[in-house]
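One structure below.
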DNA sequence: AACCTTTCCTTGAAACTTCAAGCAAGCCTG
DNA sequence: CAGGCTTGCTTGAAGTTTCAAGGAAAGGTT
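Chains as they are written, first to last, in the working numbering: chain A, 74 to 236; chain B, 74 to 236.
Here's what the structure looks like:
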């Protein structure tokens, strides 16, 4: 960072502003929708979704944190809350006595089943119904590129310059 | 929402997952970078940027909240914090005795000037250096479409069905 | 086995956001 | 100008996230 800064071009600035506005507006929108209809914020809902798609509807804490792209600490707090709601249950991991499995309960599954249609509709209305198929494909590619570059393993997580 | 849900296609699902992962990873990344180098989270940094670009480096609270796409309440707390840091100052609005102006102080401007290059570099590295010019243009258009559809004035903010 | 390191997860406190409530000034309508 | 409605902003409490610290089990290493 000691070199002269390369500022953003006019178009890059406009894109960046649009990105910031769209993403914060959408996250807000989803949070409100889910808080209203499912009684939890978007991140928590995403955890239930991940669990519902996992074999046996259960996942190691660390795995869940990684696929959801959140810290373990955050997950730990979140699962505690979902446990109080009766939607998730903690379970000892048989193979590793340090481990914990987060398990989606039947009640949790029921909540998901009940609220999924409304959530999908919200996502559709905010994104997919407004974009052409080409744009959906472009967006997918762009987001995959960005996500790849931001993986903890992809940047400086393990100090590559020290190797 | 009483009609049968239209689920997402395979590609829409992949795009949606990529979107969620990329946006959360990036927001996290920016928060950490700015917390480390500027001592504030990304949203607060954005407020200083907005103020720095406003005439007289000052903006009515409501205007600032609107351009930053956050609630007034959140802004009120945020400005209180920035005020404690000496980076922003509150000022009575001459024309409307209810109003408050948020003013960027010289210290706030200095912080911005000092940390902007590093921040731009981070944004570049995470997004613009990884995308082709076409993709930047595509992303801009896509985000503008989404943001437009999510404006409080654009959806159901003022109950259009009651008109 | 003793020791050190790493992995897995939790905890409490501090920071931040949301939500509902509220005050005060401007604005209308009669 | 009185009454009620709206706008602009703040506040406190509850909920969520981050950060630093730490305990316990697993995995080397000697």
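We put the CB at the ideal spot given by N, CA and C, even for glycine. Note that the structure is predicted; figures quoted are calculated from it, not measured.
Thinking C-alpha only, which one of B:222, B:164, B:132 is nearest residue 204 of chain A? In the first chain, the residue the question calls residue 204 of chain A occupies position 131. Of the candidates B:222, B:164, B:132, the one whose C-alpha sits nearest the C-alpha of residue 204 of chain A is B:222.
Could you tell me which chain A residues have their CB closer than 7 Å to the CB of residue 142 of chain B, listed as they occur along the chain? The count along the second chain starts at 1 and reaches residue 142 of chain B at position 69. Per Cβ cutoff of 7 Å: 94, 97, 98.
Can you name, in chain order, every residue of its own chain whose Cβ lies under 7 Å from the Cβ of residue 235 of chain B, other than the five neighbours on each side? The sequence position of residue 235 of chain B within the second chain is 162, counting from 1. For residue 235 of chain B, the pLDDT reaches just 37, beneath the cut-off of 50, and the residue's location in the model is therefore unreliable, although a value from the coordinates is still provided. If we look at residue 235 of chain B and ignore the five residues flanking it on each side, it has no Cβ neighbours.
Who are the neighbours of residue 111 of chain B on chain A, taking C-beta pairs under 8 Å? Locating residue 111 of chain B in the second chain gives position 38, counting from the first residue. Result: empty, since nearest Cβ-Cβ is about 13 Å, beyond 8 Å.
Under 8 Å by Cβ, that's how I've got residue 195 of chain B and residue 103 of chain B pegged, so tell me the actual separation to the nearest angstrom. Within the second chain, numbered from 1, the residue matching residue 195 of chain B stands at position 122. Within the second chain, numbered from 1, the residue matching residue 103 of chain B stands at position 30. Indeed, because the Cβ distance is near 7 Å, the residues count as touching under 8 Å.
Which residues in chain B sit within 8 Å of residue 150 of chain A, going by Cβ to Cβ distance? On the first chain, residue 150 of chain A is found 77 positions in, with the first residue counted as 1. Chain B residues near residue 150 of chain A: none, gap ~16 Å exceeds 8 Å.
Under 8 Å between the Cβ atoms of residue 123 of chain A and residue 141 of chain A? Taking the first chain and counting its residues from 1, the one referred to as residue 123 of chain A is at position 50. Taking the first chain and counting its residues from 1, the one referred to as residue 141 of chain A is at position 68. Cβ distance < 8 Å, so residue 123 of chain A and residue 141 of chain A count as in contact.
Tell me which same chain residues have a C-beta within less than 8 Å of the C-beta of residue 90 of chain B, skipping the five on either side of it? Within the second chain, numbered from 1, the residue matching residue 90 of chain B stands at position 17. Once the five neighbours on either side are set aside, residue 90 of chain B has no close Cβ partner at all.
Straight-line gap, residue 176 of chain A to residue 175 of chain B (C-alpha atoms, nearest Å): Taking the first residue of the first chain as position 1, residue 176 of chain A is located at position 103. Taking the first residue of the second chain as position 1, residue 175 of chain B is located at position 102. If you take the alpha carbons of residue 176 of chain A and residue 175 of chain B, they lie about 47 Å apart.
Burial state of residue 83 of chain B, where buried means 16 or more other Cβ atoms lie within 10 Å: The residue given as residue 83 of chain B occupies position 10 in the second chain. Exposed: under 16 other Cβ atoms inside 10 Å.
Which chain B residues are close to residue 204 of chain A, counting only those with a beta carbon under 7 Å from its beta carbon? On the first chain, position 131 is the one that residue 204 of chain A refers to. Neighbours of residue 204 of chain A on chain B, chain order: 215, 218.
Which bits of chain B does residue 84 of chain A rub up against, with CB to CB less than 9 Å? Residue mapping note: residue 84 of chain A aligns to position 11 of the first chain, counting from 1. Neighbours of residue 84 of chain A on chain B, chain order: 206, 209, 210, 213.
Interface residues of chain B facing residue 81 of chain A [CB-CB closer than 9 Å]: Here residue 81 of chain A refers to the residue found at position 8 of the first chain. Correct list: 193, 196, 197, 201.
Taking Cβ to Cβ, would you say residue 95 of chain B is nearer than 8 Å to residue 117 of chain B? On the second chain, position 22 is the one that residue 95 of chain B refers to. On the second chain, position 44 is the one that residue 117 of chain B refers to. No, they are not a contact pair.
Please report the straight-line C-alpha distance between residue 214 of chain A and residue 88 of chain B, rounded to a whole angstrom. As a working mapping, residue 214 of chain A is identified with position 141 in the first chain. As a working mapping, residue 88 of chain B is identified with position 15 in the second chain. The straight-line gap from Cα to Cα measures roughly 8 Å.
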